[in-house]
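K.L.:
Below: one structure in structure tokens.
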Amino acid sequence: MKVLKFGGSSVGTPERIKDVKRIVDKYDLPCVVVVSAFQGVTDHLHKIAELAASGSSEAWDLLGDLTRQHREAAAELITDKSKRDEVLKKVDEILNELTETCTGIFLLHEITRHSLDSVLSMGERLSSWIISSYIGNSIYVDARDIIKVDESVGNSMVDFTVTNNLIREKIGTLPQLTIVPGFIAGTITGETTTLGRGGSDYTAAIIAAALEAKVLEIWTDVEGFMSADPKKVERAYTIENLTYAEAMELSHFGAKVIYTPTLRPVYKAKIPVIVKNTFNPEAKGTLINGELRDQGRSPIKGISSIDHIDLVTLQGPAMVGVTGTSARLFGALAKRNVNIILITQASSEYSITFAVSPADAGAASAAISEEFAREIKSNNELKLLVEKNLSVIAIVGEKMKNTPGISATLFTSLGRSGVNVIATAQGSSELNISVVIKNENLKKALNAIHDGFFLSPYDEVNLFVAGTGLVGSSLLKQLQKQAKILIDEHYLKIRLLGLTNSRKMLIENKGIPLDSCRDLLKDEGVKADILEFVRQIKKMNLRNSVFIDCTADPRVAGVYGEALKDYISVVTANKIACSSDYTYYQHLKSIAHGRGVRFMYETTVGAGLPIIKTISDLVLSGDKIYKIEAVLSGTLNFVFNEMSSELPLSKAIRKAREKGYTEPDPRVDLSGTDVVRKILILSREAGYSLEQKDVEVKMFLPESCFEGDINDFYRKVEELDGEFEKKRIALVKKKKKWRFFATLDNGKAKVELVEVGQDHPSYYLEGSNNIVLLTTERYKELPMVIKGYGAGADVTAAGVFADLMRVVNV
Ligand code: ADP
Ligand code: ASP
Ligand code: MG
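Per my numbering, the very first residue in the sequence shown carries number 565; after that it's consecutive.
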């Protein structure tokens, strides 16, 4: 004997019901099939009851929709006319009863517990009747006749003695297929009641236990019991095997895939449970039994959460060292049927905190206020606090027992994502650790924990990119090219969730495909606004988010602080933030440090060359930077290397611009501003708190060149071409070359055009290359030399990519 339960999602439409029949047809008999109401119908009924109680005639419109839905489903499934008429008659009978009950509620403006249960029961009554007629060759047994609830106790309870006997008597002897509505039950006095939302699972478990079934199969809309709710954690995967205790713990803390009381009867009767997917019957699903099998690489099996809880705290001096306070507290709560989800008490005994469903919070407060009225009144000896909009997350696994470091991983994962833990509890069985957090952080927290415990097959990084110019576009191409290798070899999935340039911006929760992101930005983007872009990133509140700035825009540089504050790492190729006021630069670094996120700007000097990292490593390891001599402008080096009798200064500048070596505005390079910014960044990295005004600049073009617009600039430089050519010929004669040098010496920085001879390491610096000579305490006699391509979109993008990889620790 097997018991199969098909949930609402498995019987949502006639098409799906046909799938159910295909599955059931393959089973050997005898077999019991328990079915839920059609998907969404119980919610719909609840709404109708509420509307009727509020006197709204909308209730009748919804009732009309419900009638249509069931009549249409019956008509579509049952093709034989006389059989169909018979089913429709029964459907109408149930719907008439529903209308009568709703009319009563409507007239009285009141819903009693029984009238609500009666309304809610109609979903299963309708669905089970239609399904059993459609499947045919089956016997219909009304669950109200076999599952009996005793309402005389505070919380209604199934009377197992009566129930088990009835089940054995009414189903146990049947040799064929039996179809039973889930969720509904009868009271001892013969009224209709329900087993609580999601209760069809429980119906099936009660029947399976009473009949000592070989197995209980829960057929639903997911591949089994998963490591987390797949609706909240995309990377959740199916758990092959769970013990009853693990499954109970996960379902108690919100894993809706199995209704919490379900496992109790089958656990006692040692009946294995299999959770399977109606939409993919071939998949193995999850086996729940008493065996602790190999647990895989993670010490935890799964994570679950209850989305909405309230936290109630009773605190004050009257609690310290006073015995019996807990007994009074929990006694008072029990009297009012308050269900407690989690309890925690600090060892100081100054307070007791517990979590309840928001629906129970009022009753909990009332119970406590009454029980401790004297202490609360007298001089604030006790205080009652209620915190709202919270969620609880539980991590569960039998292997947690005696494994150290679990809490550390849990709290580190949360801390790194900026999620504050409000309360925590661990059962002494060490089967679960629970944390209470703000509801707004729930999704982020679940994902952070899931990844933190290596429950995911890969880690995920969420990118928000500003700038689609040369560097930005090259980066997007490189990311696209490398995406598969990162997943296959480094278990890292890159998701582009936001893209903006100066005209448009696009934010997409589900991700923007890298291969078409620029077209999508053009076609679907909205007007760009960098502040709004960052606001939306913050609102998404995702873990492992990185903001990448591939612009040269000061407005973009101005938002880093906002991003870092919200635990969003920043990778930038834009020099402005690091070379603006020293206090802003320091501020950004200190927020990043405080939040445990990264602020990376390697490409602001020397494109992809490892200059900043090298200086930073030297300083961190105790070296002292005495002197930096550097050719840091790829643009200027290119210009001076390219100049010839055929290519005068103005043309060489234009060529550099065309090749993408210059800043968007080449005057930033030609005025020395770009080099000033770079030496400033390096000086700061070396430990000197310089400002732009502290850098001495010796210009090689007269200031008048920089007055007017870019066309004026080119025109004025053209006027100087002849003069520069004369100087260049003289220089060649001297066997010297021009190099635009930036120097930091003894804490003083300057930039200037220098003539270097063949004996200088920069003499042979080709094309747009950069060179940096570091004289330090350790590299005193022979300075350390870093040399290579110092400009160009591709190498800069590659440097940004490398920074990103360091952010995610690849
Ligand atoms: P049914 O209608 O079949 O009873 P439910 O909606 O009650 O289905 O339960 C299945 C849903 O439970 C899934 O769609 C999923 O969103 C949710 N769920 C929550 N936690 C888990 C988990 N750990 N594993 C699988 N599903 C989960
Ligand atoms: N139909 C009921 C509900 O939606 C019971 C169930 O689906 O298990 O809560
Ligand atoms: Mg369910």
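The beta carbon of each residue, even a glycine, is placed where N, CA and C say it ideally should be.
Bear in mind that the values here come from a model prediction, so they are computed numbers and not experimental data.
To the nearest angstrom, report how far apart N1065 and T1178 are at their CA atoms.
P.N.:
Looking at the two C-alpha atoms, the distance is approximately 32 Å.
K.L.:
Restricting to Cα atoms, I'd like to know which of D1181, T1115 and H610 is closest to E1227.
P.N.:
With distances taken between Cα atoms, E1227 lies closest to T1115.
K.L.:
Which residue from V1025, V1195 and E951 puts its Cα closest to that of V1371?
P.N.:
The residue with the shortest Cα to Cα distance from V1371 is V1025.
K.L.:
Hey, which unbroken runs of the alpha helix (DSSP H) at 4 residues or more fall wholly within the stretch 572-613?
P.N.:
578-589, all fully within the stretch 572-613.
K.L.:
Just checking D765 against the ligand MG - is the residue's beta carbon closer than 7 Å to any of the ligand's heavy atoms?
P.N.:
Yes, Cβ of D765 sits closer than 7 Å to a heavy atom of the ligand MG.
K.L.:
Among A1047, T758 and L1034, which residue has its Cα nearest to the Cα of A1137?
P.N.:
Nearest of A1047, T758 and L1034 to A1137, Cα basis: L1034.
K.L.:
Does the contact criterion of 3 or more C-beta pairs under 8 Å hold for the stretch 1043-1061 versus the stretch 1251-1267?
P.N.:
Verdict: no, contact absent.
K.L.:
With H, G and I counted as helix, E and B as strand and the rest as coil, what does DSSP make of T643?
P.N.:
Here T643 sits in coil by DSSP.
K.L.:
Would you decide whether I1274 is buried or exposed? Buried here means 16 or more other CB atoms lie within 10 Å of its CB.
P.N.:
Label assigned to I1274: exposed.
K.L.:
Say the cut is 7 Å; is the CB of G604 nearer than that to a heavy atom of the ligand MG?
P.N.:
No.
K.L.:
Within the present structure, is the beta-carbon of K820 separated from the nearest heavy atom of the ligand MG by less than 7 Å?
P.N.:
Flag set: Cβ of K820 near the ligand MG.
K.L.:
Could you please go through the chain and list the residues whose beta-carbon is closer than 5 Å to any non-hydrogen atom of the ligand MG?
P.N.:
The set, ordered by position in the chain, is G571 and G762.
K.L.:
Using the Cα positions of A617 and T663, report the straight-line distance between them to the nearest angstrom.
P.N.:
C-alpha separation (whole angstroms): 13 Å.
K.L.:
Return the residue from the list S1133, A882 and T757 that minimises the CA-CA distance to H1157.
P.N.:
That would be S1133, whose Cα lies nearest to the Cα of H1157.
K.L.:
Who does A919 pair with in a DSSP beta bridge?
P.N.:
Partner(s): L875 and L906.
K.L.:
Give the DSSP-derived three-state secondary structure of Q756 in the structure shown.
P.N.:
It is worth fixing the name first, because residue 756 is Thr in this sequence and not Gln. Strand.
K.L.:
On the three-state DSSP scale, how would you describe S1109?
P.N.:
Note: S1109 maps to strand in three-state DSSP.
K.L.:
Quick one: what does DSSP say A565 is sitting in, helix, strand or coil?
P.N.:
Contrary to the premise, residue 565 reads as Met rather than Ala in this sequence. M565 falls in the coil class under three-state DSSP.
K.L.:
Pair every Cβ in the stretch 845-865 with every Cβ in the stretch 956-972, then say whether three or more of these pairs are closer than 8 Å.
P.N.:
Because the criterion of three Cβ pairs below 8 Å is met, the stretch 845-865 and the stretch 956-972 touch.
K.L.:
Considering M1348, what are the terminal residues of the beta strand (DSSP E) in which it resides?
P.N.:
Looking at the DSSP string, the run of the beta strand (DSSP E) that includes M1348 is M1348 to Y1353.
K.L.:
Mind checking which residues open and close the alpha helix (DSSP H) that includes R900?
P.N.:
Neither: R900 is in no alpha helix (DSSP H) and is coded neither H nor E.
K.L.:
Alpha carbon to alpha carbon, how far is N1105 from I694?
P.N.:
The straight-line gap from Cα to Cα measures roughly 45 Å.
K.L.:
At the level of alpha carbons, what is the spacing between D1181 and S921?
P.N.:
About 52 Å.
K.L.:
With three or more C-beta pairs closer than 8 Å as the rule, is the stretch 1189-1208 touching the stretch 1302-1316?
P.N.:
Yes, the stretch 1302-1316 touches the stretch 1189-1208.
K.L.:
With a threshold of 16 other CB atoms inside 10 Å of the CB of T842, please say whether the residue is buried or exposed.
P.N.:
So T842 ends up on the buried side.
K.L.:
Mark T577 as exposed unless 16 or more other C-beta atoms lie within 10 angstroms of its C-beta, in which case mark it buried.
P.N.:
With fewer than 16 other Cβ atoms within 10 Å, it is exposed.
K.L.:
Using a threshold of 7 Å, is the CB atom of G687 nearer than that to any non-hydrogen atom of the ligand ASP?
P.N.:
True, at least one ligand heavy atom lies under 7 Å from that Cβ.
K.L.:
What residue does the alpha helix (DSSP H) around E776 start on, and which one ends it?
P.N.:
Element bounds for E776: n/a, residue is neither H nor E.
K.L.:
If you follow the beta strand (DSSP E) that R761 is in, where does it begin and where does it stop?
P.N.:
Careful: R761 lies outside any beta strand (DSSP E) and carries neither H nor E.
K.L.:
CB of C600 to nearest heavy atom of the ligand ASP: below 7 Å?
P.N.:
The sequence given here places Ser at residue 600; Cys does not occur at that position. S600 Cβ: within cutoff of the ligand ASP.
K.L.:
Determine whether the beta carbon atoms of R1159 and Y1124 lie at a separation below 8 Å.
P.N.:
No, they are not a contact pair.
K.L.:
Please determine, among E787, S600, V1000 and G762, the residue with the shortest C-alpha to C-alpha distance to T824.
P.N.:
Residue G762 is the option with its Cα nearest to T824.
K.L.:
Would you please state the rounded distance, in angstroms, between the beta carbons of I904 and I959? I believe it to be under 8 Å.
P.N.:
That belief does not hold up - the Cβ atoms of I904 and I959 are roughly 20 Å apart, past 8 Å.
K.L.:
Report the three-state DSSP secondary structure of K1091 (helix, strand or coil).
P.N.:
Reduced to three states, the DSSP call for K1091 is strand.
K.L.:
Closest to D1367 by C-alpha separation, out of L1265, Y1353 and R1162, would be which residue?
P.N.:
The shortest Cα separation from D1367 among L1265, Y1353 and R1162 belongs to R1162.
K.L.:
Can you give the Cα-Cα distance for D1238 and V1232, rounded to whole angstroms?
P.N.:
Near 6 Å, if we compare the C-alpha coordinates of V1232 and D1238.
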